[in-house]
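Enquirer:
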Amino acid sequence: DHEKRQYKDIVQIDHVESYGNVVYKEVAALHWSSHFYPSIPYLFKTDDDLIVDSLLISSIGQLMTTNNRNSSSYISKYRSTLVSEVLSMDRATLFRGGWPMGYQTTLRGGKFGVSKYVWPHRILPHYCSGFGWFMSRSVRNKLVTASYTYPVNKTAWIGDVFVSGFLAKAAGVKCKGIAIDYEQIYSQKCFCFMAQRPLLAICSSTLHMGGGGNEATKFGEYERAWKVIQQRHNSANNNKTNLDIKDC
C-alpha cells in the first residue's frame, strides 16, 4: 500500500491472498491492460518474485515492433538465431514463452492438483510456465473475451496452467516456445547465472521458492542481480566478453 501511494506503480485488486487466487490476478492483469492500453501491440507477463532482465525483454519487444535487424545489438551478439526467430513469427498470433510445458501429467491432489470434474484427462492442456511469456494484442483480447464466459466451476486454480493452458484452449490460442533462457534455482546465486548466461531472461529468487530471509536480504538479492544485468548489457555495448563477478 505504501509503495502504491508513493510511486503509483502497483495495480491492486480486492481478493483473499492465496495461491489459488493467483488466477484472479492473472485475469485481472489481462483486463487492466485491455482497458487502459487497448492498442498496445505486445505484452510480456511474468511474476514479481522472479528476477527479470527487463533490458533484454525490452530489446525483444523493440525487435518485434521495429523489425530492425541490428547486427550490433545485444541479442544479435549472443543469439543471432533469436533475431531470425522473432522476425519470422506471425505477430498476430504471437504467444510465446521460454518454458513451454507439454504433456504434463494432471495431478489430483496438493497445491497443483486439478479435480477430475474440472479436467478428467490424464494430461494437462499444453501451457507455458508462469516465469514469462510474450503475447500479441490479438491474443490478449481473445483471452479477455474467453474469460467472460469461462465457467468458474471448471477453473483450474493454478495461475499459469489456467491462463496459458485452459483459458488459452477456450480462446483458441496456444502458447509456444521462444529461445530465451529461464532458470529455477534454490540459492541466492541468480547474479552468477546472469553473468554466465547472456540470454538468461528470468531467474527465480529465493522469495519465489518460499524463502528469502528478511527484507534487507531479499532486496540485496535483487540488487546484486540487477547490477550484473546492467553490467552485462554495458559490457556488450563496449565489446567486452567477460564480467568480473565475485563469489560465483
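Mapping to my numbering: the sequence shown position 8 is 8, numbers consecutive.
Cβ atoms here follow ideal geometry from the backbone N, Cα and C, with glycine treated the same way.
The structure presented is a predicted model; accordingly, all values stated were derived computationally and were not measured.
For P125, which beta-bridge partners are listed by DSSP?
Expert: For P125, which the question treats as bridged, DSSP gives no partner whatsoever.
Enquirer: Measure the alpha-carbon distance for S235 versus W226 and round it to whole angstroms.
Expert: 14 Å
Enquirer: I71 to R79, Cα distance in whole Å?
Expert: Note on residue identity: the sequence assigns Ser, not Ile, to residue 71. S71 and R79: Cα-Cα distance of roughly 11 Å.
Enquirer: Indicate the three-state DSSP secondary structure (helix, strand or coil) for C192 in the structure shown.
Expert: When secondary structure is reduced to three states using DSSP, C192 falls in the helix class.
Enquirer: Kindly confirm or deny that the region 117-127 and the region 91-107 touch, where touching means at least three C-beta pairs closer than 8 Å.
Expert: yes
Enquirer: Residues in the same chain with beta-carbon distance under 8 Å from L55, minus the five sequence neighbours each way, listed in chain order, please.
Expert: Y74, I229, Q230, H233
Enquirer: Which value, in whole angstroms, describes the spacing of the CA atoms of A146 and L243?
Expert: 46 Å
Enquirer: So which of F219, E17, S129, K111 has the shortest CA-CA distance to Q184?
Expert: S129
Enquirer: What are the partner residues of R96, as DSSP defines its beta bridges?
Expert: The bridge partners DSSP lists for R96 are F134, K176.
Enquirer: Can you check DSSP and say which residues form a bridge with D181?
Expert: L200
Enquirer: Which of the three DSSP states, helix, strand or coil, is assigned to M101?
Expert: Under the three-state reduction of DSSP output, M101 falls in the strand class.
Enquirer: Please classify K111: does DSSP put it in a helix, a strand, or coil?
Expert: It is coil, neither helix nor strand.
Enquirer: For the alpha helix (DSSP H) holding Y222, just list the boundary residues, first then last.
Expert: 215-237
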